[in-house]
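J.: Here you go, one structure.
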Amino acid sequence: MLPHLIVSDLDGTLLGANHDLAELTVETLRRLATDGHSIALASGRHHRDMIGFRDRLGVDAHIISSNGAWTLDPNGRCVRSAHLAPELVEALIQLPRHPDVRLNMYRDEAWVIDDHAPGLLSLHEATGFGYRVEGPGEMDVQGVGKVLYIGDPSLLADIEAGAREAAGEALHITYSMSHSLEIMAAGVNKGTAVSALLDDLGIPATRCLAFGDNLNDLEMLALAGEAQVMANAHPRLAEDLPEARVIGHHAEAAVAQHLRQRFGLDG
34 MLPHLIVSDL DGTLLGANHD LAELTVETLR RLATDGHSIA LASGRHHRDM
84 IGFRDRLGVD AHIISSNGAW TLDPNGRCVR SAHLAPELVE ALIQLPRHPD
134 VRLNMYRDEA WVIDDHAPGL LSLHEATGFG YRVEGPGEMD VQGVGKVLYI
184 GDPSLLADIE AGAREAAGEA LHITYSMSHS LEIMAAGVNK GTAVSALLDD
234 LGIPATRCLA FGDNLNDLEM LALAGEAQVM ANAHPRLAED LPEARVIGHH
284 AEAAVAQHLR QRFGLDG
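34 is the number of the first residue of the sequence shown in our numbering; add one for each residue after it.
Written out as structure tokens, the structure reads:
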């Protein structure tokens with residue numbers, strides 16, 4: 034069988050309800066890697082966070098982090114990065130926001146946040162990745178791949194409108210969850226990162242299987258020859274990608290179940 038690129042989002046897709054990898058998922062991806070297929074993890078998470086999942090898989094997986102702002106090869110070497118212009122980061126810091134909205138930045142080697150938010154750390158228990166608190170006036174605007182606002186969706190809507198008004202053409206704005214507004218440089222998304230990785234590997238998009246559940250997966254799913262949308266996905270994905278196949282729920286290891294059927298691993 035010709036080699037494929039199998040690329041999956043993490044939260045709400047490859048990870049279970051406990052934000053960790055099921056044993057069936059680990060076993061399945063190891064088997065596919067042994068059979069010669071390429072594996073990539075594509076997430077809004079920071080790459081330092083994602084390395085923990087790659088190590089758990091035990092395969093030579095590529096990492097696409099922060100919705101495409103960084104791409105790491107299987108040896109952990111950064112092969113591509115795309116930073117927001119410092120003046121844009123400064124403008125985003127200055128946008129008015131409710132006190133309950135947390136401002137986050139993903140820099141080359143760190144996740145920084147404007148105030149403590151212990152509840153966010155539960156998403157990262159499996160890897161132990163954590164943030165560093167920096168006041169808005171202390172935040173370094175250099176080397177920032179993603180600015181992330183976390184809060185009630187009604188509060189994020191005003192911030193999104195302000196960002197679009199201030200510098201919409203220079204930004205890529207999306208959501209990874211309804212309460213997570215994510216902003217990268219224009220042209221930075223999972224789709225462009227996967228496209229570049231396919232070129233690196235010499236694999237056509239027709240042999241790319243992609244899995245996702247939310248709006249930050251849209252471009253990646255649209256690119257893939259075989260797009261799979263989770264049963265728990267944002268409803269807009271099925272609307273915008275009518276050719277995509279809807280599979281099971283992330284809490285039931287549906288990605289692994291689909292891959293085992295697709296590649297005949299249970300035969």
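All residues carry an ideal CB built from backbone N, CA and C; glycine is no exception.
Whole angstroms are fine: how far does the CA of D106 sit from the CA of A94?
T.: Each residue's alpha carbon lies about 7 Å from the other.
J.: What's the C-alpha gap between L306 and Y208?
T.: Residue 306 lies beyond the range of the chain shown here (34 to 300); nothing can be said about it.
J.: Quick one: Cα of A257 to Cα of N100, how far?
T.: Looking at the two C-alpha atoms, the distance is approximately 16 Å.
J.: State the beta-bridge partners of A218 as determined by DSSP.
T.: Paired residue(s): L204.
J.: Which stretch, first to last residue, makes up the beta strand (DSSP E) that contains R303?
T.: Coverage of the chain is limited to positions 34 through 300, which leaves residue 303 absent and any answer about it impossible.
J.: Once DSSP output is grouped into helix, strand and coil, what is the label at E259?
T.: E259 falls in the strand class under three-state DSSP.
J.: By DSSP's criteria, K179 is part of a beta bridge. Which residues make up the other side?
T.: According to DSSP, which records beta bridges pairwise, K179 is partnered with Y139.
J.: So which of L298, L125 and N108 has the shortest CA-CA distance to M172?
T.: Nearest C-alpha to M172: L125.
J.: Identify the continuous alpha helix (DSSP H) that holds V288 and give its terminal residues.
T.: Residues A287 to R295.
J.: Please identify the residue among L242, R269, G178 and G235 whose C-alpha is closest to the C-alpha of L140.
T.: Leu is not the amino acid found at residue 140; the sequence shown has Arg there. Of L242, R269, G178 and G235, the residue nearest in Cα terms is G178.
J.: In this structure, how does DSSP classify L245 when only helix, strand and coil are distinguished?
T.: According to the sequence as given, residue 245 is Gly; it is not Leu. Residue state, collapsed to three classes: strand.
J.: So I39 is in the beta strand (DSSP E); what residue range does that whole segment cover?
T.: Start and end: L38 to S41.
J.: Would S71 be called buried (16 or more neighbouring beta carbons within 10 Å of its own) or exposed?
T.: Its Cβ being crowded by 16 or more others within 10 Å, S71 is buried.
J.: Going by the DSSP bridge assignment, what does M210 pair with across the sheet?
T.: BP columns for M210 point to S213.
J.: Exposed or buried, S98, counting other C-beta atoms within 10 Å across all chains shown (16 or more means buried)?
T.: Buried is the call here.
J.: Using beta-carbon positions only, say whether A277 and L298 come within less than 7 Å of one another.
T.: Result no, Cβ atoms of A277 and L298 do not sit closer than 7 Å.
J.: On the three-pair Cβ rule with 8 Å, is the stretch 154 to 162 touching the stretch 184 to 201?
T.: Counting Cβ pairs under 8 Å, fewer than three are found: no touch.
J.: What would DSSP say about H157, mapped onto helix, strand or coil?
T.: DSSP places H157 in helix when its eight states are reduced to three.
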